[in-house]
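Q:
In our numbering, the protein residues as written are 10 to 101.
1. Look at the alpha carbon of residue 44 and the alpha carbon of residue 36, and state the distance between them as a whole number of angstroms.
2. So residue 49 and residue 25 are in contact, right, with Cβ under 8 Å, and what is the actual spacing, rounded?
3. By alpha-carbon positions, which one of 41, 56, 29 and 28 ends up nearest to residue 76?
4. Using DSSP with H/G/I as helix, E/B as strand and the rest coil, what is residue 67?
5. Report the option in 68, 74, 51 and 98 whose CA atom is closest to the CA atom of residue 19.
6. So residue 66 and residue 55 are in contact, right, with Cβ under 8 Å, and what is the actual spacing, rounded?
7. Just to confirm, is the Cβ distance from residue 16 to residue 80 under 9 Å?
8. Report yes if the C-beta distance between residue 52 and residue 74 is below 9 Å; otherwise report no.
Printed below as a string of structure tokens:
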């Protein structure tokens, strides 16, 4: 079952994961929802090209990896609804 996952880049066209579409497709494997290396920074946690200035990667939020089981919350009351749902009913 393929899923459309919200990307941390918030629609940045330089993102190599969603290419600015805000969502990327993900197919869970036999082991489930597995984290993978960030395609924009290649796991380096900082954007390439500026060696003197460390700029955190916008795709992985500076972590070096993407965890599809823990996507960012939506903005507005939809995000608040998700937080409340997880607080009362549990979940990832």
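Where a beta carbon is used, it is the ideal one built from N, C-alpha and C, also for glycine.
A: Looking at the atomic coordinates:
1. 12 Å
2. Residue 49 to residue 25, Cβ: 5 Å. Contact.
3. 41
4. In the structure shown, residue 67 sits in coil (DSSP, three-state: anything other than H, G, I, E or B).
5. Of 68, 74, 51 and 98, the residue nearest in Cα terms is 68.
6. 6 Å
7. yes
8. At a Cβ-Cβ threshold of 9 Å, residue 52 and residue 74 count as neighbours.
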